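**Q** Residue numbers (this note's numbering): 55 to 451. Sharing a structure, written as structure tokens. Questions coming.
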Amino acid sequence: MRILQLCNKAPFPANDGSSIAISTLAQGLADNGIEVHVLSINTKKHFKPDQNISSTLKQKTNYQSVYKNADTSALGAFLNLFSSQSYFVSRFFFKEYEELLIQKLQSNSFDFVQLEGVFMATYIPVIKKYSKAKIVLRSHNVEHQIWERHLLSEKNFLKKIYLTIQNNRLRSFEIDTFNKVDAIVPITDEDKKNISSICPKTPINTCLTGVNLEEYKQVLQSKNPSTLFHFASMDWMPNIEAVDWLINCVWNTIANQQPEATLILAGKGMPERIKKLNSKHIIIIDDVIDAVAFYNTYDIMLVPLWSGSGLRIKLVEGLAYGKAIITTSIGAEGIDYEKNKDLLIADTSEEFANAILSLIGNATLKLNLQKAARNLAEKHFDYKVNAGKLIAFYKTV
């Protein structure tokens, strides 16, 4: 079987949720004997030099990329209003990438072309013209659902109007894509249920994002028992929303009741206004150089998400490292957990603060959560096992 993965960002090295999802599946497929080709748009925002990728990994995944600037701009956003296309999608179509894709399709006979996210569906006409491969949408999220959830809390009137227009277009494009492809591979059963209700005739199969568990070593006891951390890409709207809520609705309670507590906010793309919060008890790290060392320094992971869909890959990493995790019901979507055994679930500011306080003050509870987290990762998130299940599904399409 020969599979071509099309990506709207460079997945190597894997340093954020979506790139982890892409890279671990590519390697999982290859480790199951599949010939994998990865073709990515190497965007300005998420640029990763090709020369930093090991020759072994390049060869293993037949990796190629095209550098392009897919950043949003005020002018581009305005001009898009006079178009019928979604600005979320149109900014990922590039002639240079199309030309390399055509070359790839003409020189290889693929069984499947796997779109890593709905934004790459803009290339479906090209794929159909130059290949007989089955087209599969790997749906990392139900994108229009993310924006629908965000719009519920958007306060800026003009911004809300603009985003509503764009999301209506995105919804139409996404639903049209669901019905155009030969199969859909969501990352969670929750997304599978939502998508199946839209296109019941399209073959659909959940494939959880896995990780290479051998690369995730658990440290059960750190030197920072009163330190909490949030670690995520801070150029993604739901993560910014989560941190704002954590600071504005939860942290004062913690600071008042546990003055020694410290909060670490880490992740690339940290907004300047959040950087300004840096102080003795709120520490900002906008570029984590060594993720392994970072995870192994702190015990308690916070994932207070209120929008988004799909699987939160950083949370999966937290499980693999055996962290004690507090999250929301939305944050835990897609994970087959037992509440208050594997994860603490808190859906109000009061519940979230109480969960934090209970963990800081209860070493036994924290240790039990850490052990349960690692066990859950071993049960559900082995990258090679999950890739093997996807291959079995592809044989039925």
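Yeah, the Cβ is synthetic: ideal placement off N, Cα and C, and Gly gets one too. All values reported here derive from a predicted model rather than from experimental measurement.
Quick check on the DSSP output: the alpha helix (DSSP H) that includes L423 runs from which residue to which?
**A** Within the sequence shown, residue 423 is the residue found at index 369, counting from 1. L423 -> alpha helix (DSSP H) spans A417 to H434.
**Q** Please specify which runs of the alpha helix (DSSP H), each continuous and at least 4 residues long, are wholly inside the stretch 66–112, giving them in chain order.
**A** The qualifying runs are 71–85.
**Q** Can you tell me where the alpha helix (DSSP H) holding T231 begins and where it ends?
**A** Residue numbering aside, residue 231 sits at position 177 when the sequence shown is read from its first letter. That run of the alpha helix (DSSP H) goes F211 to K234.
**Q** Can you find the residues in the same chain that come closer than 6 Å, C-beta to C-beta, to L444, ignoring five residues on each side of it along the sequence?
**A** For this step, residue 444 is matched to residue 390 along the sequence shown. C261.
**Q** Can you tell which of A309, Y270 and P325 has its C-alpha closest to the C-alpha of M288?
**A** The sequence position of residue 288 within the sequence shown is 234, counting from 1. Cα-wise, what sits closest to M288 is P325.
**Q** Can you tell me the Cα-Cα spacing of N162 and L356, whole angstroms?
**A** Within the sequence shown, residue 162 is the residue found at index 108, counting from 1. Within the sequence shown, residue 356 is the residue found at index 302, counting from 1. Answer to the nearest angstrom: the Cα atoms are 45 Å apart.
**Q** Quick one: what's C61 bridged to in DSSP?
**A** Counting from 1 along the sequence shown, the entry for residue 61 is found at position 7. Answer is S94 and E170.
**Q** Can you tell me where the beta strand (DSSP E) holding Y121 begins and where it ends?
**A** Sequence index remark: in the sequence shown, residue 121 carries index 67 (1-based). Per DSSP, Y121 belongs to the beta strand (DSSP E) from Q118 to K122.
**Q** Can you give me the Cβ contacts of N96 inside the same chain, cut-off strictly under 7 Å, excluding the 5 residues immediately before and after it?
**A** Here residue 96 refers to the residue found at position 42 of the sequence shown. Only A64, K102, S119, V120 and Y121 meet the Cβ criterion.
**Q** Can you tell me whether S412 is helix, strand or coil according to DSSP?
**A** Indexing the sequence shown from 1 puts residue 412 at position 358. Correct three-state label for S412: helix.
**Q** With DSSP run on the structure shown, which of helix, strand or coil describes F447?
**A** On the sequence shown, position 393 is the one that residue 447 refers to. The answer is helix: DSSP assigns F447 an H, G or I state.
**Q** With distances taken Cα to Cα, identify the nearest neighbour of L191 among S185, I178 and W290.
**A** Taking the first residue of the sequence shown as position 1, residue 191 is located at position 137. Residue I178 is the option with its Cα nearest to L191.
**Q** Express the C-alpha separation of I76 and A309 in angstroms, rounding to a whole number.
**A** Residue numbering aside, residue 309 sits at position 255 when the sequence shown is read from its first letter. Residue numbering aside, residue 76 sits at position 22 when the sequence shown is read from its first letter. Cα to Cα, the separation comes out at about 39 Å.
**Q** Taking K449 as the reference, which of V265, A237 and E269 has the closest Cα?
**A** As a working note, residue 449 is residue 395 in the sequence shown. Comparing Cα-Cα distances from K449 to each of V265, A237 and E269, the minimum goes to A237.
**Q** Nearest to S224 by CA position, among A407, G376, Q139 and D104, is which residue?
**A** The count along the sequence shown starts at 1 and reaches residue 224 at position 170. Reading off the sequence shown, one finds Leu at residue 224, where the question assumed Ser. Closest by alpha carbon: Q139.
**Q** What does a CB cutoff of less than 6 Å around A124 pick up in its chain, not counting 5 residues either side in sequence?
**A** Here residue 124 corresponds to residue number 70 of the sequence shown, with the count starting at 1. T97, R145 and F146.
**Q** Taking a contact to mean a Cβ-Cβ separation below 7 Å, would you say V239 touches Y437 in this structure?
**A** As a working note, residue 239 is residue 185 in the sequence shown. As a working note, residue 437 is residue 383 in the sequence shown. Cβ atoms of V239 and Y437: not closer than 7 Å.
**Q** Using DSSP with H/G/I as helix, E/B as strand and the rest coil, what is K393?
**A** The residue labelled residue 393 in the question sits at position 339 within the sequence shown. The answer is strand: DSSP assigns K393 an E or B state.
**Q** Classify G415 as buried or exposed, calling it buried when 16 or more other Cβ atoms lie within 10 Å of its own Cβ.
**A** Along the sequence shown, one-based indexing puts residue 415 at 361. Flag for G415 reads exposed.
**Q** With DSSP collapsed to three states, give me the class of H284.
**A** For the purposes of this step, residue 284 is identified with residue 230 of the sequence shown, where counting begins at 1. H284: strand per DSSP, three-state reduction.
**Q** Would you kindly work out how many angstroms separate the C-alpha atoms of A374 and F66, rounded to a whole number?
**A** What you label residue 374 is simply residue 320 of the sequence shown in a count that begins at 1. What you label residue 66 is simply residue 12 of the sequence shown in a count that begins at 1. C-alpha separation (whole angstroms): 20 Å.
**Q** Tell me whether V346 is buried or exposed, calling it buried when 16 or more other Cβ atoms sit within 10 Å of its Cβ.
**A** Taking the sequence shown and counting its residues from 1, the one referred to as residue 346 is at position 292. So V346 ends up on the exposed side.
**Q** Give me, in chain order, the residues of the same chain whose beta-carbon lies closer than 6 Å to that of Y117; leave out the 5 immediate sequence neighbours on both sides.
**A** One-based indexing of the sequence shown puts residue 117 at position 63. Around Y117: V92.
**Q** Under 7 Å, do F166 and I57 count as touching if we go by C-beta distance?
**A** Taking the first residue of the sequence shown as position 1, residue 166 is located at position 112. Taking the first residue of the sequence shown as position 1, residue 57 is located at position 3. Yes, the Cβ-Cβ distance between F166 and I57 is below 7 Å.
**Q** Indicate the three-state DSSP secondary structure (helix, strand or coil) for M355 in the structure shown.
**A** Within the sequence shown, residue 355 is the residue found at index 301, counting from 1. In this structure, M355 counts as strand in the three-state DSSP scheme.
**Q** Report the rounded CA-to-CA distance for N380 versus I410, giving the unit in angstroms.
**A** Numbered from its first residue, the sequence shown carries residue 380 at position 326. Numbered from its first residue, the sequence shown carries residue 410 at position 356. As written in the sequence, residue 380 is Ile, which differs from the Asn given in the question. Distance between the alpha carbons of I380 and I410: 7 Å.
**Q** Confirm, please, whether the CB-CB distance from G376 to Q311 is below 7 Å.
**A** Here residue 311 refers to the residue found at position 257 of the sequence shown. Here residue 376 refers to the residue found at position 322 of the sequence shown. Contact flag unset, no.
**Q** Could you tell me how far apart the beta carbons of G171 and N62 are, in whole angstroms, since I believe they sit closer than 8 Å?
**A** Position 117 of the sequence shown holds residue 171. Position 8 of the sequence shown holds residue 62. With a Cβ gap of about 6 Å, G171 and N62 count as contacting.
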